[in-house]
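Offset between the sequence shown (1-based) and our numbering: plus 30. To keep things clear, I will list the structure first and then write my remarks on it.
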Amino acid sequence: MKERNSQSIIFKYTISGFIIGLLTVLLILTIDFFIKRISFSEVISLHKTNPVYLILDLSPVVLAFYAYLISKKYATSLESLHGSLKHEFDKNQKIYRFVEKIRFGKIDADYKVQGSDDVLGQSILDLRDNLKKNKLEEDKRREEDQQRNWVAEGLAKFGDILRKDTDNVEELSYNLISNLVKYINANQGALLIIEDENEADKHLKMTACYAYERRKFADKRIEWGEGIAGAAILEQETIYMTDVPETYVHITSGLGEATPSCLLVVPLKFNDEVHGVIEIGAFHNIEKHVVEFVEKVAESVGSTISNVKINTRTAKLLKESQEQAEALAAQEEQMRQNMEELQATQEEAARQSEKFITFTNAVNHTLIRAEYENDGTLIYANTKFLKKLGYDKNSEVEGKNISMFINEKDMVWFNELWDKLANGGKHFEGDMKHVTKQGRDLWTMSTYTCMRRDDGTVEKILFLAIDTTDQKKQSLDYLGQINALNKSTIKVDYLPTGDLLECNQKFVELMDYSIYELKEKSIFDFVDKSELNRLKEIWENVVQGEIWEGVLRQRTKEDQEKWVRVTLSAVRDMYDDVAKVIYIGNDVTNEKLMEMETKAQTELLKKHERALNQSKVDLKAQLKKAKEEVKQQFAQIEKVQRRTELTLQGASDAIVTFDQNGIIKFFNKAAEDLWGIDRDIVIGRNMTKLFPDQYEDEFIKSILDPKSDKIVGERKEVNFTNMNGEEISVIMILSMARLEGETTYTAFIQNISVDLF
31 MKERNSQSII
41 FKYTISGFII
51 GLLTVLLILT
61 IDFFIKRISF
71 SEVISLHKTN
81 PVYLILDLSP
91 VVLAFYAYLI
101 SKKYATSLES
111 LHGSLKHEFD
121 KNQKIYRFVE
131 KIRFGKIDAD
141 YKVQGSDDVL
151 GQSILDLRDN
161 LKKNKLEEDK
171 RREEDQQRNW
181 VAEGLAKFGD
191 ILRKDTDNVE
201 ELSYNLISNL
211 VKYINANQGA
221 LLIIEDENEA
231 DKHLKMTACY
241 AYERRKFADK
251 RIEWGEGIAG
261 AAILEQETIY
271 MTDVPETYVH
281 ITSGLGEATP
291 SCLLVVPLKF
301 NDEVHGVIEI
311 GAFHNIEKHV
321 VEFVEKVAES
331 VGSTISNVKI
341 NTRTAKLLKE
351 SQEQAEALAA
361 QEEQMRQNME
371 ELQATQEEAA
381 RQSEKFITFT
391 NAVNHTLIRA
401 EYENDGTLIY
411 ANTKFLKKLG
421 YDKNSEVEGK
431 NISMFINEKD
441 MVWFNELWDK
451 LANGGKHFEG
461 DMKHVTKQGR
471 DLWTMSTYTC
481 MRRDDGTVEK
491 ILFLAIDTTD
501 QKKQSLDYLG
511 QINALNKSTI
521 KVDYLPTGDL
531 LECNQKFVEL
541 MDYSIYELKE
551 KSIFDFVDKS
561 ELNRLKEIWE
571 NVVQGEIWEG
581 VLRQRTKEDQ
591 EKWVRVTLSA
601 VRDMYDDVAK
611 VIYIGNDVTN
621 EKLMEMETKA
631 QTELLKKHER
641 ALNQSKVDLK
651 AQLKKAKEEV
661 KQQFAQIEKV
671 QRRTELTLQG
681 ASDAIVTFDQ
691 NGIIKFFNKA
701 AEDLWGIDRD
711 IVIGRNMTKL
721 FPDQYEDEFI
731 KSILDPKSDK
741 IVGERKEVNF
751 TNMNGEEISV
761 IMILSMARLE
771 GETTYTAFIQ
781 NISVDLF
């Protein structure tokens, strides 16, 4: 088409030149005809005589040739101009289509730069790359925010679950494992708890199992240290497997047998003590943040199980102590009755000697009996005396001094007692510890009575006793357990009226009163006013015999708020009347505050999400202007980046950005609070300003050394000292960004000095 147009132009110009030349010749000849009045024959002669006419006759050909040359040059120039215009038009069309694709969100659209002079195309390509990078960063931030929201909501949800059914381990286990399997979108789950009441039979018991959206009732027992669960408990570490043995999981769905491809086993660890494991099976890989979430839930479950075990053990010990106290009281009463009967029998024996023999035989069969001289020499011992003290023959003990059966540590007070008895003093009745032949302790309820002659002098001393060694050891053991309970938990005894009877040191430290001030208080003086009516209702039920477990909000002497998980139970006397109410509790103030803080952080994260959504709308509005002017688009992008920086400034976690030389570029408000230093002081300074001391930790050393390779993308737990001299434990993760040859690093820092649960 272009060649045809060029030929047409050349042809037109050539013909036009020829016609112009021909018309010029005809015009001149016409003028000669009319002015000079020459004839046609004279024209021929003029051509012969005047060569100018010959040249004039050639003018059409000359003009046609000249027009040909001019038109050819013009056609060539026009063709070149047309090609340039078409090239520019095509390039603009490509740029327009590329910009339209970007405008409609197709940031992966490609554009080939048309030569080194295509500055606009290269600028738009750079814009596309920046938009793609911003979109990736925005998607990453959105994903991280979603994960944090997911974790926070999950922890709050399972915190509520763990506060319910604490008196029913199986129901609590099922609610926990079923909700956990659903929440993390797994297929199977089981909760196994350590049964260690019998040290000789320590094993794992499955308390709950959930699979394929149904409750399973698998009765499973795992011996101590066996299997993957046993390994996780012994190592106290999480085990994550993607190659699960086909025979490991025995739970199947109604559609057939299918072994999960992934297995997660997390120990229920709390205060370096493992209480069981959580097993999770899934047909898909379990992401890292899900594993970390399950570990946090496992820690909370371990804490709850620990508290449940302590409360159960405490209630059991309290009940056994009550039963033992009642048994001892009954035994003491029985002993007194026996002693009274024995004394009556001795008086009657003076009058009825025949009955005395029968009585003596009965005593020998039921009581430990011996007779001593005034100087302590043993003159008679019955069979029970020999058996209880570990001797075989009477010859081993008869003629021996009583000091042989008394511990050296008891000799001082026993000698004083014996001197009084030998001189006719009052009889002795009470607990006494003897020493057997084998060196073991023998506890007895003993009576030493003077047997007198007719003149009133002491003839000999009678010893009667009942073996109470087992009861005494058990009583001492209970006392030791109660002392241990006083050291590990808060314990208070209240009268049925609510007045404080006695308390342990942990309660004194918690409420910050002196012991004398506490004696004047009642339980209703310690609770928050908003809880007073509720406590009165609870107290009435407890006094009626019910056991109450729950959380009370209390106020210290300095009006500080304390949250205590409490068990209230009534203790009855031998007449079945309530003698006192036992208050046993654990301080859960930090857990309660962390729970409240978690809810606040969740609301803050939702607020950040709404702000990010609004930023997204603003970003789309700015992208719409990219078609009009590239420079204006860059200004809008810079505005969005500034807004993002302000959003990060209000983040709850500390964020610090520094360049490859360690110079601090960004320092948000949470970082100011964490370090206790103003951002204007650290911006532009080296990272050594935040870590002035020498650190052996490789992670921090790599941050402070500009030449060292940074540890990027890994969560690290580190300790450092802030500007206030406080040692803080945090989790840090480092990200890297490289743009136009410059490298920047961003540290995301989460304060973990206080546990969430």
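Note that the Cβ used here is the ideal one computed from N, Cα and C, for glycine as well. Predicted, not measured: the structure shown is a model, and the values here were computed from it.
Based on Cα-Cα distance, which residue from the options lies nearest to residue i?
i, options, result
"residue 54", "89, 527 and 42", "89"
"residue 427", "239, 408 and 250", "408"
"residue 610", "617, 616 and 601", "601"
"residue 717", "703, 727, 726 and 732", "732"
"residue 497", "437, 490 and 398", "398"
"residue 744", "190, 772 and 779", "779"
"residue 618", "581, 530 and 205", "581"
"residue 184", "100, 227, 319 and 299", "319"
"residue 471", "477, 450 and 434", "434"
"residue 370", "348, 416, 494 and 232", "494"
"residue 775", "365, 340, 738 and 533", "738"
"residue 545", "291, 533, 555 and 456", "533"
"residue 769", "163, 58 and 705", "163"
"residue 177", "95, 366 and 635", "635"
With a 10 Å radius around its C-beta and 16 neighbouring C-beta atoms as the bar for buried, classify residue i as buried or exposed.
i, result
"residue 114", "exposed"
"residue 572", "buried"
"residue 111", "exposed"
"residue 107", "exposed"
"residue 475", "buried"
"residue 713", "exposed"
"residue 218", "buried"
"residue 700", "buried"
"residue 255", "exposed"
"residue 462", "buried"
"residue 37", "exposed"
"residue 40", "buried"
"residue 541", "buried"
"residue 351", "buried"
"residue 97", "buried"
"residue 521", "buried"
"residue 626", "exposed"
"residue 595", "buried"
"residue 284", "Only weak support is given to the placement of residue 284: the predicted model assigns it a pLDDT of 40, under 50, and the value that follows is read from those uncertain coordinates. Classification of residue 284: exposed, given that the 10 Å Cβ count is below 16."
"residue 32", "Reliability of the predicted coordinates at residue 32 is poor, the pLDDT of 49 falling under 50, and the value obtained from them is presented with this limitation in mind. Its Cβ having fewer than 16 others within 10 Å, residue 32 is exposed."
"residue 311", "buried"
"residue 487", "exposed"
"residue 262", "buried"
"residue 116", "exposed"
In the DSSP output, which residue or residues are listed as bridge partners for residue i?
i, result
"residue 496", "475"
"residue 524", "530 and 611"
"residue 233", "225 and 253"
"residue 749", "759"
"residue 300", "303"
"residue 552", "529"
Could you name the residues of the same chain whose beta carbon sits closer than 6 Å to that of residue i, not counting the 5 residues immediately before and after it, in chain order?
i, result
"residue 282", "Note that residue 282 has pLDDT 49, beneath the 50 cutoff, so the model's placement of it is unreliable and the number below is only indicative. So no residue of the chain qualifies."
"residue 777", "686, 762 and 764"
"residue 207", "219, 221, 238 and 240"
"residue 334", "192"
"residue 483", "489"
"residue 771", "none"
"residue 327", "188"
"residue 591", "none"
Go through its chain and collect everything with a Cβ distance to residue i's Cβ below 7 Å, but skip five positions before and after it.
i, result
"residue 575", "600"
"residue 259", "222, 234, 252, 295, 307 and 309"
"residue 760", "748, 779, 780, 781 and 782"
"residue 691", "736"
"residue 604", "356 and 359"
"residue 578", "568, 571, 572 and 598"
Near residue i, what residues of its chain come up, given a Cβ to Cβ distance below 8 Å and the 5 sequence neighbours on each side ignored?
i, result
"residue 721", "730, 733, 734 and 750"
"residue 405", "431 and 452"
"residue 171", "642"
Output the residue ranges of the alpha helix (DSSP H) runs that lie fully inside the stretch 664-714 and measure 4 residues or longer, sorted by chain position.
-> Here the runs fully enclosed are 699-705 and 709-712.
Which full runs of the beta strand (DSSP E) of 3+ residues lie inside the stretch 421-456, going along the chain?
-> With a minimum length of 3 residues, no continuous beta strand (DSSP E) run stays inside the stretch 421-456.
Counting only runs that start and end within the stretch 556-640, where is the alpha helix (DSSP H) found for 4 or more residues in a row?
-> Correct list: 562-573.
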